[in-house]
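Take the sequence shown: its letters are residues 1 to 239, numbered as in the UniProt record's numbering.
Yeah, the Cβ is synthetic: ideal placement off N, Cα and C, and Gly gets one too.
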Amino acid sequence: MNPEAFSDLATARHSVRDFRPDPVPSQVLDAILDDARQAPSWSNTRPFMVALATGERADRLRSAYIAEFDATLPFQHKEPGAMARLVLSGKAPDGDYRTWAPYPAELLPHSQAVGGQLYAHMGIARDDREARDAATRRNCEAFGAPIIGFVLIHKGLMPFAALDAGIMLQTLFLSAKAHGVDSCPLGVLATWRRPFDAEFEAPADYRLITGFALGYASDAPVNDFRAERRPVRLVPTRS
1 MNPEAFSDLA
11 TARHSVRDFR
21 PDPVPSQVLD
31 AILDDARQAP
41 SWSNTRPFMV
51 ALATGERADR
61 LRSAYIAEFD
71 ATLPFQHKEP
81 GAMARLVLSG
91 KAPDGDYRTW
101 APYPAELLPH
111 SQAVGGQLYA
121 HMGIARDDRE
131 ARDAATRRNC
141 EAFGAPIIGF
151 VLIHKGLMPF
161 AALDAGIMLQ
171 TLFLSAKAHG
181 VDSCPLGVLA
191 TWRRPFDAEF
201 EAPADYRLIT
211 GFALGYASDA
221 PVNDFRAERR
231 PVRLVPTRS
């Protein structure tokens, strides 16, 4: 394989935030999934599962996730007593992992920087709460992608199950790009289990760790945004 070709492929894949409604042909999706199974795995255990939603099921998921997101807006806006009201209403996030947990101090500046850059690219002012909420809500709609995917990992093989799932998902994303299909990870979908459980029957030992979108990028300006790709950090050797 030409190494430059792989480098070009890896560089070309980026997170798309607005998709055309055009469906991904089944044979293309099958080829992508076939490539994804080539990813290495801890003792070949393959401790992950993938769920895919299209058509009406995907539309139901979009509506359900938007409703969950909107119910949490008072909490996200830090209104007094908002979490207590969420709990009492039965609408508190019920995900398997705390997707809204604070970032470590060392990593937080990178998240803040890319968020600021993305909002600036979209023309959204820092104090425009309504526009920021609308932009975040688009994640819950999978940015209009025709395929909404979910990744689940076996709770009994952590943290290696999460490692294996990540390797698999990147393999899937690269294969998708090679087939002309765009993608975007959607970690926010793991904030809630209710919408997912209403549409899928996952084994009891599997935990929802992330969602993702697959489809074809639109010509919306947001898709021109590119996040910084910092060099891989190397641990220094001892002297």
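Beta-carbon gap between residue i and residue j smaller than 8 Å
i	j	result
L152	M49	yes
P21	P146	yes
A162	A64	no
T72	P93	yes
T171	A190	no
E141	I66	yes
G90	L208	no
D182	V28	no
residue 268	L174	Outside the modelled stretch of the chain, which goes from 1 to 239, sits residue 268, for which no answer is possible.
I148	A58	yes
Residue i - DSSP class collapsed to helix/strand/coil
i	result
L208	strand
D182	strand
S15	strand
G215	strand
P57	A quick correction: the sequence has Arg, not Pro, at residue 57. Here R57 sits in helix by DSSP.
R20	strand
A105	coil
A92	coil
R129	helix
S239	coil
Y234	First, the amino acid is wrong: residue 234 is Leu here, not Tyr. In this structure, L234 counts as coil in the three-state DSSP scheme.
E4	helix
Unbroken beta strand (DSSP E) run spanning residue i, endpoints
i	result
H154	147–154
M49	48–53
Residue range of the alpha helix (DSSP H) that includes residue i
i	result
V87	82–89
F143	F143 -> no alpha helix (DSSP H), and no H or E assigned at all.
V28	26–36
E199	194–199
H77	Careful: H77 lies outside any alpha helix (DSSP H) and carries neither H nor E.
S111	108–121
Among the options, nearest to residue i - alpha-carbon criterion
i	options	result
A165	P3, T45, P221, L86	T45
A217	M1, E4, A12, H121	A12
F19	A101, A53, Q170, C184	C184
V114	V235, T237, R230, R238	R230
L157	A67, P47, A176	P47
D70	S43, R132, A227	R132
R138	H154, Q117, G187	G187
R60	P236, P195, T237	P195
H154	R98, S41, H110	S41
W192	P203, P3, R62, Q112	R62
A202	A51, E106, H77, M1	A51
A176	V24, E4, N2	V24
Cα-Cα separation between residue i and residue j, rounded to whole angstroms
i	j	result
F6	M83	47 Å
M168	D224	26 Å
A178	A135	28 Å
R126	D35	41 Å
V235	S43	26 Å
E79	G144	30 Å
S26	F150	18 Å
Q76	Q117	21 Å
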